[in-house]
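The opening position of the sequence shown corresponds to residue 1 in the UniProt record's numbering, with each subsequent residue numbered one higher. Note that CB positions come from ideal geometry on N, CA and C, so glycine has one too. This one's a predicted model, so the numbers in the text were calculated from it and none came from an experiment. I have placed the structure first, in the form of structure tokens, so that the comments after it can refer back to it.
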Amino acid sequence: MEGLTNLGSFRTYYSVEPSQQFHEDKYLDGSLVPRLETELRKAQSRIKELEREKYGSKENIRSFLRNQRISHEENTDPVVDYLKNKLSKEREERKRANAENAMLKKKMRDMESSVNRLRRERDTLEKVCEELVTRIDELKAETRKKWDEKEEERQMLEMAEMWREESVRVKLMDAKLSLEEKYAEMNWFVDELEKCLVMARKVGAEEMKLKRGEGLIKMARSLEDAANGTDLEKF
């Protein structure tokens with residue numbers, strides 16, 4: 001192969017025309033030139049043959065290597081086939097595992113997003129509940145305050161009603177006592193008039209005076225009857 005490689009440089013040197021190469025050498029003998037030209041032509045012809053062989057050898061080498069590769073592929077060891085199949089299956093399983101991992105990662109991201117969203121919603125709901133509890137406590141306090149005020153007002157009204165009833169009862173009692181006193185006084189007056197009339201009859205007073213006294217007695221009796229007709233117990 002090294003010889004074939006060096007042929008390229010040899011061809012480059014002798015690729016010029018023989019007459020151009022040697023006729024310019026003034027020291028060469030005239031009889032030697034034709035023979036050298038002949039030898040040069042032979043050498044050039046040989047070089048061309050070697051180059052053709054070189055290119056043919058390259059093609060042969062490529063064909064040989066291609067045939068060797070095909071033969072090697074056809075005559076592969078079963079162990080190698082098993083390993084290749086196993087490697088292929090492992091690659092497929094790895095691809096499937098990677099796809100499943102990617103899907104799981106996506107699901108995890110979705111779940112994490114859902115959890116974060118639920119956490120935010122829960123925080124918002126807790127804040128709303130806290131605000132509602134605070135508002136309910138405030139309403140309870142306001143309701144209790146109003147209830148206490150109403151209860152106090154009711155008690156005051158009850159006390160005022162009791163005082164009013166007591167005042168009315170006292171006034172009625174005073175009126176009853178006053179009527180009883182007047183009734184007793186009237187009875188005493190009637191009794192005194194009757195005594196006077198009795199005494200006047202006994203001493204023989206004048207008839208006019210007697211009539212006048214009888215009129216007074218009748219008027220007193222009518223007052224007594226009117227007083228008896230009045231129900232003092234209802235007061």
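### Message
Taking the straight line between their C-alpha atoms, what separation do you get for L193 and A184?
### Response
Between L193 and A184, the C-alpha separation is close to 14 Å.
### Pairwise C-alpha distance: L157 and residue 236
Here the chain comprises residues numbered 1 to 235, so residue 236 is not present and cannot be evaluated.
### Message
At the level of alpha carbons, what is the spacing between D81 and R62?
### Response
About 26 Å.
### Query
With 16 other CB atoms within 10 Å as the buried threshold, where does K218 fall?
Exposed: under 16 other Cβ atoms inside 10 Å.
### Task
Please list the segments of the alpha helix (DSSP H) lying wholly inside the stretch 142-196, counting only runs of 4 or more residues, in order along the chain.
If one requires a minimum length of 4 residues, no alpha helix (DSSP H) run lies completely within the stretch 142-196.
### Query
Taking just the CA atoms, how far does R96 sit from M108?
For M108 and R96, the distance between alpha carbons rounds to 18 Å.
### Query
Does DSSP classify S9 as helix, strand or coil?
With a pLDDT of 43 at S9, under the threshold of 50, the predicted position of this residue should be treated as unreliable, though the coordinate-derived value follows. Reduced to three states, the DSSP call for S9 is helix.
### Message
Measuring straight from C-alpha to C-alpha, what distance separates V170 and E180?
### Response
If you draw a straight line from the Cα of V170 to the Cα of E180, it is about 15 Å long.
### Task
State the Cα-Cα distance for the pair E100 and K86, rounded to the nearest angstrom.
Here the alpha carbon of E100 sits roughly 20 Å from the alpha carbon of K86.
### Task
Alpha carbon to alpha carbon, how far is R122 from residue 245? Give it in angstroms, no decimals.
Examination of residue 245 is not possible in this model, given that the chain is present from 1 through 235 alone.
### Task
Assign L104 to one of three DSSP states: helix, strand, or coil.
Helix.
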